[in-house]
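Residues 918 to 1091 (my numbering) are what the sequence shown spells out, left to right.
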Amino acid sequence: MIGCIIQARMGSTRLPGKVVKKIDGEKTVLDYVINQLKASKKIDTIIVATTNLQEDDIIFNYLKFQQIECYRGSSEDVLDRYYQCAKKFGIDHILRITADNPLIDPKFIDIIIEKYKNEKCDFMTNAIHRTFPYGTEVEVFSFESLEKSWKMAKKPSEREHVTPFMCDPQNKFK
């Protein structure tokens, strides 16, 4: 199963609450992200992973009203939040998206998922050698890669983000 886990939180330093800000007076940034993901033909499930912090209750309650699955976990250890979410929902392959990127393209998502499947790699992203604009980042990886990272990543910088351990060539992900 290919599941999209959307990373969302209210506590942005530059623009607090940005994921629930209304863009057009009606839809929130998170609504736009979810709608773009729903247009993908390759995603089996969409889950938002937010924190256990009280400030993120608004995200949890909003998603409950929208009937979108939500997982709550560590605010500091985002790698653990992703791992526990993927484990709980039985996701074999994870598409990682952040909730503040409403410009993601569902057609590109389908292309990268197909390429990931065909190349039988552990991890694929368009964010390492940038050829796409900021705000359109897509990462897809196997549960096994996530689990390996979760077990082996020790540095705070490898825990507060999801994929730095996978991106490090020394860790031999293909």
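For each residue, glycine too, the CB sits at the ideal point set by N, CA and C.
Inclusion of Tyr949 and Pro1019 in the CB contact set at 8 Å is warranted, their separation being smaller than that value. Taking the C-beta atoms as reference points, Asp1009 is found no nearer than 8 Å to Phe1082. By the C-beta density criterion, Thr930 is exposed, having fewer than 16 other C-beta atoms within 10 angstroms. Every beta strand (DSSP E) of 3 residues or more that sits fully in the stretch 1007-1065 is shown, in chain order, as 1010-1015, 1040-1042 and 1056-1059.
Looking at the backbone, the Cα of Asn1035 and that of Ile1029 are separated by about 10 Å. In the DSSP assignment, Ile951 falls outside any beta strand (DSSP E) and lies within the alpha helix (DSSP H) extending over Val946 to Lys955. Only buried fits Gly990, as 16 or more other CB atoms lie within 10 angstroms of its CB. One alpha carbon belongs to Glu986, the other to Arg998, and they sit about 14 Å apart.
As the crow flies, the alpha-carbon of Ser957 is around 31 Å from that of Lys1068. Excluding its 5 nearest sequence neighbours in each direction, Glu993 has no C-beta neighbour in its own chain below 6 Å. Between Leu996 and Ala1070, the beta carbon gap of about 6 Å places them in contact (Cβ cut-off 8 Å). In this structure, the CA atom of Phe977 is about 28 Å from the CA atom of Lys1065. Secondary structure at Ile963: strand, using DSSP grouped into helix, strand and coil.
An exposed status is given to Thr1048, since fewer than 16 other beta-carbon atoms sit within 10 Å of its beta-carbon. In the DSSP annotation of this structure, Arg989 is not part of any alpha helix (DSSP H); the continuous beta strand (DSSP E) holding it starts and ends at Glu986 to Gly990. Taking 8 Å as the cut-off, the Cβ atoms of Ile963 and Cys921 count as close.
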